[in-house]
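Residue numbers are given in full-length UniProt numbering: position 195 of the sequence shown equals residue 195, and the series is strictly consecutive. Glycine residues also receive a C-beta, built at the ideal position from the N, C-alpha and C atoms.
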Amino acid sequence: MARTGGRPYDLHYDCSMGDRMGETAPEEKHSGKRSKRHTSKPYSKQTTDPTLQSFYEGSDLRLVKTAIDCLILYLSLEQPFPKFVDNAHKAVFNGFIQEAIQRLSAENVSVTQDTLNKHLPDIGKLLYSTTSTWRGSLKKLAVPIVKARYQLPLGDHEMPQGGHNSQDVVDLGARKVEVLLKDDLYIRDGRDAEGHTNNYTHPAFREIILSFFYSDAHSPARNFNSYFNEKVPDVVLGLVITVVRNCIDEYKYGHRSNIPFSASSYARTYQAVMHGLGQLRKNALHSSKLTTALSLWAAQG
Numbered sequence: 001m002a003r004t005g006g007r008p009y010d011l012h013y014d015c016s017m018g019d020r021m022g023e024t025a026p027e028e029k030h031s032g033k034r035s036k037r038h039t040s041k042p043y044s045k046q047t048t049d050p051t052l053q054s055f056y057e058g059s060d061l062r063l064v065k066t067a068i069d070c071l072i073l074y075l076s077l078e079q080p081f082p083k084f085v086d087n088a089h090k091a092v093f094n095g096f097i098q099e100a101i102q103r104l105s106a107e108n109v110s111v112t113q114d115t116l117n118k119h120l121p122d123i124g125k126l127l128y129s130t131t132s133t134w135r136g137s138l139k140k141l142a143v144p145i146v147k148a149r150y151q152l153p154l155g156d157h158e159m160p161q162g163g164h165n166s167q168d169v170v171d172l173g174a175r176k177v178e179v180l181l182k183d184d185l186y187i188r189d190g191r192d193a194e195g196h197t198n199n200y201t202h203p204a205f206r207e208i209i210l211s212f213f214y215s216d217a218h219s220p221a222r223n224f225n226s227y228f229n230e231k232v233p234d235v236v237l238g239l240v241i242t243v244v245r246n247c248i249d250e251y252k253y254g255h256r257s258n259i260p261f262s263a264s265s266y267a268r269t270y271q272a273v274m275h276g277l278g279q280l281r282k283n284a285l286h287s288s289k290l291t292t293a294l295s296l297w298a299a300q301g
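Right, here's the structure in full:
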């Protein structure tokens with residue numbers, strides 16, 4: 001992503017396709033007048049914390065939601081674990097705000113002068129906190145799918161027969177997770193007719209991807225169809241594999257113990273997954289197989 005046109009951060013994909021982008025701002029629905037781009041009168045606020053979405057109303061709230069749309073597209077296509085440490089990191093989030101301002105301005109939608117003068121840094125913080133909330137929503141959806149697809153901690157057929165105690169069951173569950181994680185067995189889906197391993201195509205990945213990124217009316221694929229309709233993006237696959245790893249890790253000791261799906265704990269795991277995907281993409285056979293699978297999943301979505 002390059003800096004262009006003097007803007008802090010420029011998206012080289014179009015985040016204007018979200019269905020929120022075409023909504024009429026509340027203050028415009030009851031007036032035939034074209035509003036000015038900015039107004040000096042701030043809207044009344046519901047809370048006193050400008051880093052919360054509920055602080056904003058009217059076109060200010062629309063600005064926030066438009067910026068969130070741009071952010072979610074970025075999380076899905078570029079980097080699901082962005083940082084917010086120094087000015088370079090913050091410029092990324094400011095770019096989404098500037099993009100939203102530009103798009104609302106093109107529609108002649110006003111943003112209050114109060115927000116423009118005082119609260120753009122607060123909206124940047126709001127966007128950063130949204131990244132954690134968004135990943136948390138993905139984790140919430142993934143937990144039951146991973147449990148069912150991998151039969152964690154143990155499937156009925158894996159339960160010991162005859163005399164055993166609860167610790168035996170826990171030990172077997174822990175051993176199962178150890179096997180799943182060894183050599184990344186959990187990412188595979190058996191072999192094809194020619195005996196080649198089906199990498200990165202476990203059924204859990206497909207189910208999570210279709211449920212979170214495609215099926216919901218406000219999912220990224222519905223809002224930004226052109227980026228998702230031909231095939232599932234590799235970044236989406238990498239993120240889903242990472243959250244599956246997190247869900248499996250929770251059974252490491254034979255029973256489920258919550259492990260937050262945080263950037264501090266799983267950003268490096270995501271990087272390792274993407275490195276593995278990059279290596280696979282260098283193999284013509286396996287890359288072609290994966291692309292075929294991702295294209296099929298997108299068509300099913």
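Problem - Length at least 4, wholly inside the region 174-200: the alpha helix (DSSP H) runs in chain order - result: Uninterrupted alpha helix (DSSP H) stretches at least 4 residues long and entirely within the region 174-200 do not occur.
Exercise for the section: Step through the CB atoms of chain C and report whether any lies within less than 7 angstroms of the CB of V64. Expected result: Absent from the structure is chain C; it holds one protein chain and no more.
Exercise for the section: Answer with buried or exposed for R34, where buried requires no fewer than 16 other C-beta atoms within 10 angstroms of its C-beta. Expected result: Its pLDDT being 44, under 50, R34 is placed unreliably in this model, and the value from its coordinates should be taken loosely. R34 should be labelled exposed.
Handout entry: Sub-7 angstroms separation of T115 and D60 beta-carbons
Key = Taking 7 angstroms as the Cβ cut-off, T115 and D60 qualify as a contacting pair.
Handout entry: Coil, strand or helix - residue 382 by DSSP
Key = Given a span of 1 to 301 for the chain in the structure shown, any question on residue 382 remains unanswerable.
Problem - Assigned exposure category for A206 - 16 Cβ within 10 Å defines buried - result: Note that residue 206 is Arg in the sequence shown, not Ala. Buried, because 16 or more other Cβ atoms sit within 10 Å of the Cβ of R206.
Practice task
Determine the contact status of L237 and P80, defining contact as a CB-CB distance below 7 angstroms.
Solution key: The answer is no: Cβ separation not under 7 angstroms.
Handout entry: CB of C247 within 7 angstroms of CB of V146, strictly
Key = Closer than 7 angstroms, so yes.
Exercise for the section: Locate the alpha helix (DSSP H) running through T115, then write down its first and last residues. Expected result: Counting along the chain, T115 falls outside any alpha helix (DSSP H), and DSSP gives it neither H nor E.
Exercise for the section: Go ahead and label G58 buried or exposed: buried means 16 or more other beta carbons lie within 10 angstroms of its beta carbon, across all protein chains shown. Expected result: Buried: at least 16 other Cβ atoms inside 10 Å.
Handout entry: C-beta atoms of A100 and A67 nearer than 7 angstroms
Key = At the C-beta level, A100 and A67 come within 7 angstroms of one another.
Practice task
Could you give the DSSP three-state label for M274: helix, strand or coil?
Solution key: Residue state, collapsed to three classes: helix.
Handout entry: Cα-Cα separation, D184 to K139
Key = Roughly 20 angstroms separates the two Cα atoms.
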